[in-house]
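Going by full-length UniProt numbering, the sequence shown opens with residue 1, and the numbers climb by one from there. Comments concern the structure below.
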Amino acid sequence: MQIERPSKNRQQILKKSKQIAAFLLTGTLFTNFMTPTSNAITSSLKKTTLTSATTQPMTTNQQEVNLKDPSPAYYWGASSPKNYPADNFTLHFSASNYFDQGDYFLSTYADDSVKTFIDGKPIETKNENSSERYATSILENLQEGDHLIENDYTELIGDASVFSIIAPFSSWVAYYYNNTTFTGSPLARQMITPTTEHLILRAQNGADSPVPGVINKTNYGVKYLTYSRLSAGKYKLSYKAGEGIKVYIDGKPVVTKWTDGNKAKTDILIDIANQNTAIPSQQDIHKIEIRTYNRKSPQDLFFTFTPYVKTTPDMIKTIVLDPGHGGKDTGAIGVGKIREKDIVLDVGKRTEALFKDFTPFKVYLTRSTDIFIPLEQRPAFAIKKNADAFVSIHANSGNSSASGIETYYYGVKTSQSFSLPPNFKGNSFSGGGVKNSTGLSNNSSLLSSRKNPYVSDSLLLGQLVQYRLTAAFGLQDRGVKSQSLAVIRENNLPAVLTELGFVTNKQDAGMLASPYWKQQAAEAIYMGILDFLETQGIDTESYKLYH
Numbered sequence: 001m002q003i004e005r006p007s008k009n010r011q012q013i014l015k016k017s018k019q020i021a022a023f024l025l026t027g028t029l030f031t032n033f034m035t036p037t038s039n040a041i042t043s044s045l046k047k048t049t050l051t052s053a054t055t056q057p058m059t060t061n062q063q064e065v066n067l068k069d070p071s072p073a074y075y076w077g078a079s080s081p082k083n084y085p086a087d088n089f090t091l092h093f094s095a096s097n098y099f100d101q102g103d104y105f106l107s108t109y110a111d112d113s114v115k116t117f118i119d120g121k122p123i124e125t126k127n128e129n130s131s132e133r134y135a136t137s138i139l140e141n142l143q144e145g146d147h148l149i150e151n152d153y154t155e156l157i158g159d160a161s162v163f164s165i166i167a168p169f170s171s172w173v174a175y176y177y178n179n180t181t182f183t184g185s186p187l188a189r190q191m192i193t194p195t196t197e198h199l200i201l202r203a204q205n206g207a208d209s210p211v212p213g214v215i216n217k218t219n220y221g222v223k224y225l226t227y228s229r230l231s232a233g234k235y236k237l238s239y240k241a242g243e244g245i246k247v248y249i250d251g252k253p254v255v256t257k258w259t260d261g262n263k264a265k266t267d268i269l270i271d272i273a274n275q276n277t278a279i280p281s282q283q284d285i286h287k288i289e290i291r292t293y294n295r296k297s298p299q300d301l302f303f304t305f306t307p308y309v310k311t312t313p314d315m316i317k318t319i320v321l322d323p324g325h326g327g328k329d330t331g332a333i334g335v336g337k338i339r340e341k342d343i344v345l346d347v348g349k350r351t352e353a354l355f356k357d358f359t360p361f362k363v364y365l366t367r368s369t370d371i372f373i374p375l376e377q378r379p380a381f382a383i384k385k386n387a388d389a390f391v392s393i394h395a396n397s398g399n400s401s402a403s404g405i406e407t408y409y410y411g412v413k414t415s416q417s418f419s420l421p422p423n424f425k426g427n428s429f430s431g432g433g434v435k436n437s438t439g440l441s442n443n444s445s446l447l448s449s450r451k452n453p454y455v456s457d458s459l460l461l462g463q464l465v466q467y468r469l470t471a472a473f474g475l476q477d478r479g480v481k482s483q484s485l486a487v488i489r490e491n492n493l494p495a496v497l498t499e500l501g502f503v504t505n506k507q508d509a510g511m512l513a514s515p516y517w518k519q520q521a522a523e524a525i526y527m528g529i530l531d532f533l534e535t536q537g538i539d540t541e542s543y544k545l546y547h
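Written as structure tokens, this is what we have:
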């Protein structure tokens, strides 16, 4: 499959968007884990790339063991590595890895024991619970460069397993069990790298296995662990879960909803105080652990932990999302008979969920079911809600070779496509107000033919949504264009219409039919709107999924 190679800046945003997207695990696409027969690390930790995910399948067969693995993750059960006895054996893992300077933590699990060394020095570990085989240790201010990582594993009798990984602060180390009671050994492990400045964790694999071929689709449990520096003060903890969830901070339970059934989004306030530690520089280091299980309901884990900021009325913005077509109006019908109206409704509802989960903003859909809404009612609805931004969601059609993403606003009468403003810095703007290519300031009505007066704001919103979408999808950037379309022309607020891709193109259609890529579209639209609100003076940093 050939796609347009993104520019350098788009590649950076694409990398960030896929780091968090890979863990959504929606549909059948599963990108963040290795295949069940591999024990290799997905990244060699070069420079700023710290993505690492290692899985080990449940098996009773003997396997080759890679003693040059710096982050071993093996489960042999009652068996053992190939050419080793079933009991009473030792393994010495040794490898050099590059690390950026910063704070890290070591997380190990072993049946029976593992000792970890860095540059020849033992890392002291501690068990929070003597009945468990987990151990952790803080590696404060690890210096940049290559470091020798060694793990000495000893197996005595019974089941054999070893997991050991050094992860940066605010990364999550996840351990997966094929039961809901966390008995026995975990069968797989993953490291989830941070994508924002605040703590965030999501897992939305739906009814599928979180680790296909290794973990059950139902009746499994997951333990997530991280360390982070948190200044003393008040924090907002937000969570929801498909079923049971427990949250511990520094070993103390703060959430204990350990029952079947969906757990609706809940916000609680937590007071964080400095730790009483012998080392002053570690007083603000805190351990967070989350446990979840799945028996019947689809996995839908959401967790954020951010400094508490009291919400004031001026911080509450209103967003209207407009899934195009609906009911008798199917929109375009494409490859595999996929229908535009179905795709855009799915994306719209996913985007709505993001705003409800992550922000205090008001968000409305012009339609939340498969019904027909006349064109003129859509902008009228947004105006009635006094919306601050309107995004109409569509999918394109054309000949089979047409591909890519484009976004429309109403205003300048030209076919010219506009590039992102030069002062856009990845996810924020520097400097003062932004002007369009005509030199007119925001909200000028001189070019609007007495219709939607928000010309420059609409252009800016379109640029930011387009930028996020093309970065997330990696498809051709067809630009931001002016067009006299009713839903944006008849509006009285910043309004755009975005075309997610071509349902008539095999590649585009395959992506638009995938739950994974529909989630990516929703996240890109969400992030583009946040970027826009940021230019309007709203602090959206704590709501962002990635940079």
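By construction, the Cβ of each residue, glycine as well, lies at the ideal position given by its N, Cα and C atoms.
Per-residue burial, residue i [other beta carbons within 10 Å of its own, 16 or more giving buried]
i: Phe358; result: buried
i: Glu150; result: buried
i: Pro194; result: buried
i: Asp314; result: exposed
i: Ser403; result: buried
i: Ala207; result: exposed
i: Pro280; result: exposed
i: Asn178; result: buried
i: Gln466; result: buried
i: Asn83; result: exposed
i: Gly145; result: exposed
i: Glu124; result: exposed
Unbroken alpha helix (DSSP H) run spanning residue i, endpoints
i: Gly528; result: 515-535
i: Ala402; result: From DSSP, Ala402 is part of no alpha helix (DSSP H); its letter is neither H nor E.
i: Tyr467; result: 455-473
i: Asp346; result: 340-358
i: Ala86; result: It is not in any alpha helix (DSSP H) - Ala86 carries neither H nor E in the DSSP assignment.
i: Val487; result: 486-489
Cα-Cα separation between residue i and residue j, rounded to whole angstroms
i: residue 549; j: Gln536; result: What the structure shows of the chain is the stretch from 1 to 547, and residue 549 is not part of that stretch, so it cannot be assessed.
i: Leu106; j: Tyr526; result: 34 Å
i: Ser297; j: Arg291; result: 16 Å
i: Glu340; j: Pro253; result: 46 Å
i: Ser79; j: Gln63; result: 9 Å
i: Thr256; j: Tyr104; result: 28 Å
i: Pro515; j: Glu289; result: 29 Å
i: Ile249; j: Gln299; result: 22 Å
i: Ile157; j: Asn97; result: 32 Å
i: Ser171; j: Gly102; result: 12 Å
i: Val487; j: Val391; result: 9 Å
i: Phe473; j: Ala95; result: 35 Å
i: Ile393; j: Gly348; result: 7 Å
i: Ile529; j: Ile343; result: 20 Å
i: Gln275; j: Val247; result: 18 Å
i: Val162; j: Phe305; result: 30 Å
i: Asp112; j: Thr312; result: 54 Å
i: Pro374; j: Ala264; result: 33 Å
i: Gly411; j: Ser482; result: 6 Å
i: Asp370; j: Gln519; result: 19 Å
i: residue 557; j: Ala135; result: Here the chain comprises residues numbered 1 to 547, so residue 557 is not present and cannot be evaluated.
i: Ser368; j: Leu464; result: 25 Å
i: Ser209; j: Pro453; result: 49 Å
i: Ala278; j: Pro122; result: 20 Å
i: Tyr408; j: Thr330; result: 21 Å
i: Ile272; j: Tyr239; result: 18 Å
Expected contact under 8 Å - CB spacing of residue i and residue j to nearest Å
i: His147; j: Asp119; result: 6 Å
i: Ala509; j: Gly334; result: 5 Å
i: Leu301; j: Ala241; result: 5 Å
i: Glu499; j: Ala395; result: 6 Å
i: Gly336; j: Ala513; result: 6 Å
i: Lys234; j: Leu269; result: 6 Å
i: Thr180; j: Gly213; result: Going by Cβ atoms, the distance from Thr180 to Gly213 rounds to 20 Å, so no, they are not a contact pair.
i: Glu406; j: Arg478; result: 4 Å
Chain B within 9 Å of residue i, Cβ atoms only
i: Tyr454; result: No chain B appears in this structure, which consists of one protein chain only.
Range of the contiguous beta strand (DSSP E) that encloses residue i
i: Arg291; result: 285-294
i: Gln377; result: It is not in any beta strand (DSSP E) - Gln377 instead sits in the alpha helix (DSSP H) that spans 377-384.
i: Glu499; result: 495-502
i: Ala389; result: 389-396
i: Ser509; result: The identity of residue 509 in the sequence shown is Ala, whereas the question assumes Ser. From DSSP, Ala509 is part of no beta strand (DSSP E) but of the alpha helix (DSSP H) over 506-512.
i: Ile268; result: 263-272
i: Val309; result: Here Val309 belongs to no beta strand (DSSP E), and DSSP marks it neither H nor E.
i: Val255; result: 252-257
i: Phe117; result: 113-118
i: Thr136; result: 134-142
Uninterrupted alpha helix (DSSP H) stretches inside the region 144-224 (no shorter than 4 residues): Counting only runs that start and end inside the region 144-224, there is no alpha helix (DSSP H) element of at least 4 residues.
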